[in-house]
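First comes the structure, then the notes that go with it.
2 protein chains.
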Amino acid sequence: MSSAEEKFETKEGTPSSEDERYIHKVSVPPKQKLFQEIKSGVKETFFPDDPLRSFKDQTNRRKFILGIRAVFPILEWGRDYNISKFRGDVIAGLTIASLCIPQDIGYAKLANLPPEYGLYSSFVPPLIYALMGSSRDIAIGPVAVVSLLLGAMLQTEIDSATNAEEYRRLVFTATFFAGITQTTLGVLRLGFLIDFLSHAAIVGFMGGAAITIALQQLKGFLGIKNFTKKTDIISVMQSVFGTMQHGWNWQTIVIAATFLCFLLLAKFIGKRNKKLFWVPAIAPLISVVLSTLLVYLTRADKQGVAIVKHIKKGINPPSVKDLYFSDQHLLKGLKIGAVAGMVALTEAVAIGRTFAAMKDYQIDGNKEMVAMGVMNVVGSMTSCYVATGSFSRSAVNYMAGCQTAVSNIVMSLVVVLTLAFITPLFKYTPNAILSAIIINAVINLVDLHAAKLIWKIDKFDFVACMGAFLGVIFFSVEMGLLIAVSISFAKILLQVTRPRTALLGKIPRTTVYRNIHQYPEATKVPGVLIVRVDSAIYFSNSNYIKERILRWLVDEEELTKESYQNKIQFLIVEMSPVTDIDTSGIHALEELNGSLKKREIQLILANPGPVVIHKLHASEFADLIGQDHIFLTVADAVSSCSPKIMNDV
Amino acid sequence: MSSAEEKFETKEGTPSSEDERYIHKVSVPPKQKLFQEIKSGVKETFFPDDPLRSFKDQTNRRKFILGIRAVFPILEWGRDYNISKFRGDVIAGLTIASLCIPQDIGYAKLANLPPEYGLYSSFVPPLIYALMGSSRDIAIGPVAVVSLLLGAMLQTEIDSATNAEEYRRLVFTATFFAGITQTTLGVLRLGFLIDFLSHAAIVGFMGGAAITIALQQLKGFLGIKNFTKKTDIISVMQSVFGTMQHGWNWQTIVIAATFLCFLLLAKFIGKRNKKLFWVPAIAPLISVVLSTLLVYLTRADKQGVAIVKHIKKGINPPSVKDLYFSDQHLLKGLKIGAVAGMVALTEAVAIGRTFAAMKDYQIDGNKEMVAMGVMNVVGSMTSCYVATGSFSRSAVNYMAGCQTAVSNIVMSLVVVLTLAFITPLFKYTPNAILSAIIINAVINLVDLHAAKLIWKIDKFDFVACMGAFLGVIFFSVEMGLLIAVSISFAKILLQVTRPRTALLGKIPRTTVYRNIHQYPEATKVPGVLIVRVDSAIYFSNSNYIKERILRWLVDEEELTKESYQNKIQFLIVEMSPVTDIDTSGIHALEELNGSLKKREIQLILANPGPVVIHKLHASEFADLIGQDHIFLTVADAVSSCSPKIMNDV
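Below is the structure:
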């Protein structure tokens, strides 16, 4: 029975023998010139989005204008800007400003900086981003995770308490290099590097960081004075319970707990009714105002309730001269900045993509990176620390109906007014309220739903997720990050060293051959073993693939021996999924062919792709096994073996 | 016209509607238990060769015996050992001994060690390997590349000239850790790690190392006294030509050149007539004997011909107490040992595999690593430095008709007799002759033919090859190695971030859909875009794949607009090559589906594999696009769209 023949009995009638020969042949596509080949490779790697498409066939003047617009998207969308959009942006900008002011003050503390630096970082970076960024919904400013990461890494280098001035200078240096890293990645179009942090690892890392941040807030929440500088859960718990007898302050706890309940209630209301999104958005500012008034009126600070005391009035002082370019600080700043910059990017790009997908517009990842980078470089010169897109504020921005990056400008202006006039009013704001606000903000980062889904879909991903999570909680933020990256890489390496292979069988009444593990009804062809290799054959897996195919063969031969079936005489390798092969791969095929020859088994290839068939010819392997042993489909290959097996029976 | 219908008009007649439904469905294989899933994953990763297969269904006593035999393969093959095999082994052993003695003396110099250490390393390690190794053809001992690598890396830590004692101790420490590294890799079954050095990178690295070694020999060859300690070609050339006026010794050059010609002639004879393989094999020893006599008789050493002078008599002294376990030396030894151990392994495993393939027996890579590791650990305690399999001597061993590892034992005994009695006779051996022997040995490592083939097959591989080659020659051995590893990794990363995708078309008169780039005769289906994704969809490429598919769509829509064709209404993603998908991949599909919905295009999947279909169900993505939009083949998928498109026209 020949399966291939069946196929040709179509409505068009029986094909002539010429057609049949034509159809069976595996085409070798026209050979590309070397330069062409390299060019298309480079293009696909670095410019998959074809960013120069719109520049094609334009005059030089027009190209220049398009180039300027590409760098400053505001010139693009600014042309259609109108009053109705402006209204949306103003409302959104005011909402996120009310949310960001208390958050900024708290986040600055996570980075071991005085509170005003959080506000500084919500002034300059959003303005720069509004000019250069392409996301319409992202809200720029300091974020919890990056603040914590930066604080934890810098603290191990310089003690912020005893050496505040030097510490601050190192912060700016790190911020500068974070910006340089981001810009470089964008300009060199290496944006894909951040894709190496898997979704699962990010979920775990964010969850762990959120819990670590929340635990850090117990200091402010419980009014503890002597708190550990470490971030792992064990040290923190020792700090917390070691001070229980005489270190907690009940007035502080009452204020913190009350307002935390208020914030959670506001969040609950916002979740129940999407129209009331502004309730949780302004709740933090209301808490700050109420609690400040309360402390001022009751003079609770005299009862041991810690207060902010002093926020420097006035806008950002310049900090260009504070950047450290001496030997040792340069290296530290570079290292810490690069890590913080990458993490910040990961967060920003994820946010940008999420909202772009919701409103269905395109974001150019590499362009975003350049915008982020420039904004942080400028930030480092104007007393800002690393800013990026904030999950919580971006969501509020989106729900409040922002239309463009103008909402960031509005927010920035509110922040600058705050810095210029209102900061003295924060004197009596209790630290406890900032802690409550941060706890309320970060618990959203613990995404149990996502973790559950990861568990359901991919167990290995779950291991990566939990590894990052536990690494952050039990060791340190950096350790968690390292674990996340390592597990992500391990997965990639596993993928390329241990690709899958499958035995194929014929699905009844079709000429389709499928994995017999998936389709138990598929039947093997007697005397023929059909193996599909599910990956490009490269040096990292060529040896494994060769040995795996031989093992399939040995297993099958044992089976046929037991059941007195035909001896295997043909091994068909289905190569559809084999997109590429390198010199090691060709070697492996040659060795496989040698082993098969010794066992008197003929190697047959089915459907090699364009790149592979090229290389099979270039290496003369095609001649080695015989051109007539390469077929378009498995069905054709099987039909070519069938008559021979008949004869042997 | 419905393609799927065609397929059912087979010899078996028109199928009933029940059959049709049955055939179209994509099977979801029975869900594996979590434990089962993890178990099979671990097994495939670490035990792809199923090493415990023979232990199945055996009594405990039998299992124990099998276990002992697995560790000491000599107990396995020793049982069938007979006198005819012994004859082959003795001849081969004597031949490789005559080859190894002069080589060892020269290689020890590459490692900056006194000559006797080369001989020591040809005594103990081959004995251990004979007990534990599973290759029958490999010849164990010091090799040129590892000697050079070890010498170069250790020299940067401790100067061997001024601090010989400390240097020697660090050599043993590094050897110890090389052995530990090898054993660990074998025991943890991480043998696949050495597969990460690609064939191309090895060819380049070996070629570069060979040229570097040959250049180093110019010192002995030209009789130069003050020679650079650096290994890069520029320093060496400066050394060579800087001393041309008064540093060269013509008597030395005459001796060296004469015997090099003799060696090359012998090699030429051996190549022309395979039966005369022993001519090049014993030529080095003959050269040593003749040149030693010549120098002794003419007292050429008084004319400035450098001679060996002194080789310590007697067998290996113990060196357990010389191992350094103090803080700083431990780390240096560990680092250098790990690198040298990995490189030694790469060479040994490549040799083992090559000869195993030629004689068609199996080699267990992980077991080999344990054998190599134990042999080097024992070696480090008996004054040996890192030993491994030698390309040139293994080839001679093979051609001399070795049958088992007994040839290594024979060689080892000859070496020990040499150490015990003959070393004083080497006193007048000119260094020049050792240089000639090494030059003659290493030029074989420059594999121009392989480099040419690599160029023909894969340009990227060629870049890796040349990178390693030039790195070794112009910078240092370590730098070359680093370049080789980096380029190999870059290739893997590119593979997983930028997988290929292809547009499919229908090949005339079949129901087969193939890449229209490879098969220009394939025709697109109006209103339907068929894209094949050629890789597992993971976090590292999910975003790229999503955007690439959308770009295919945009390009296609522009084309249809120009030619007034049907608007695209269906996007079929052929998933046959997609062997796995993770949570990021599912997200990307969801986003793709969202974008398509906005454009009123229906997403259809064809032939998802067992793992993928599972995850599509687990994540409920299958329900999102509709179960009836997942088909077994592209043909089925197309036939389901066709009637709808007809209606719209």
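For the protein sequence lines, the chains are A and B, in the order given.
Numbering of the first sequence is given in UniProt numbering, commencing with residue 1 and proceeding in unit increments.
Numbering of the second sequence is given in UniProt numbering, commencing with residue 1 and proceeding in unit increments.
Beta carbons are placed, not taken as given, at the ideal position from N, Cα and C, and that holds for glycine.
Here the alpha carbons of Y107(B) and W455(A) stand approximately 55 Å from one another. DSSP places E574(B) inside the beta strand (DSSP E), whose first and last residues are 570–574. With its beta carbon at least 8 Å from every one in chain A, D104(B) lies outside the interface. Of all residues in the segment 180–210 of chain B, the ones placed with a Cβ closer than 7 Å to any Cβ belonging to chain A are F192, D195, F196, S198, H199, A200, in chain order. Only residues of its own chain outside the window of five on either side were considered, and among them T292, V295, Y296, I307 have a CB closer than 6 Å to the CB of Y428(A), listed in chain order.
The three-state secondary structure of T173(A), taken from DSSP, is helix. In this structure, M369(B) keeps its C-beta atom at 8 Å or more from the C-beta atom of L127(B).
Counting only runs of 3 or more residues that sit fully inside the UniProt domain "STAS" (518–641) of chain A, the beta strand (DSSP E) segments are 528–533, 570–574, 602–606, in chain order. By the CB criterion at 8 Å, F177(A) and L345(A) fall outside the cutoff. Relative to G93(A), the option among H629(A), Q403(A), V26(A), A420(A) whose CA is nearest is Q403(A). When secondary structure is reduced to three states using DSSP, P430(B) falls in the strand class. Here the alpha carbons of G314(B) and N431(B) stand approximately 21 Å from one another.
Around the beta carbon of C261(A), fewer than 16 other beta carbons sit within 10 angstroms, so the residue counts as exposed. Around the beta carbon of G373(A), 16 or more other beta carbons lie within 10 angstroms, which makes this residue buried.
Using a Cβ-Cβ cut-off of 7 Å, A484(A) is close to nothing in chain B; its nearest Cβ partner there is about 11 Å away.
Judged by DSSP secondary structure, Y296(B) falls within the alpha helix (DSSP H) whose first and last residues are 278–298. In this structure L222(A) touches I253(A) by the C-beta definition: roughly 6 Å separates them, less than 8 Å. Of the residues assessed, L453(A) falls on the buried side of the cut-off, its CB having 16 or more other CB atoms within 10 angstroms. Contact annotation: F277(B) and A357(B) have beta-carbon atoms that are not nearer than 8 Å. Going by DSSP, T354(A) is part of the alpha helix (DSSP H) stretching over 327–359. Chain-order list of chain B residues neighbouring P48(A): R498, Y544, E547, R548, R551, by C-beta distance under 9 Å. Under the DSSP assignment, T212(A) falls in the alpha helix (DSSP H) whose first and last residues are 199–216.
Here G505(A) is bridged, per DSSP, to R514(A). Look at G401(B) here: in three-state DSSP terms it is coil, with no helix or strand label. For I65(A), the enclosing alpha helix (DSSP H) starts and ends at 60–71. At least one beta carbon of chain B lies nearer than 8 Å to the beta carbon of Y538(A). The beta-carbon of N515(B) is placed less than 8 Å from the nearest beta-carbon of chain A. Shown here for L263(B): same chain residues with a beta carbon closer than 8 Å to its own, the five before and five after excluded, namely P280, A283, P284, S287, A436, I437, N440 in chain order.
In the displayed model, T258(B) falls within a helix according to three-state DSSP. Separation of the CB atoms of I138(A) and S394(A) is rounded to 5 Å, and the pair is thereby assigned contact status at 8 Å. Counting other Cβ atoms within 10 Å of its Cβ, K109(A) reaches 16 or more and is therefore classed as buried.
Under a 10 Å Cβ-count criterion, H449(A) is classified as exposed, with fewer than 16 other Cβ atoms of the shown protein chains found around its own Cβ. Between L448(A) and chain B, the shortest Cβ-Cβ separation is not below 8 Å. Inclusion of P499(A) and S542(A) in the CB contact set at 8 Å is not warranted, their separation being larger than that value. Relative to I568(B), the option among E558(B), Y385(B), M575(B) whose CA is nearest is E558(B).
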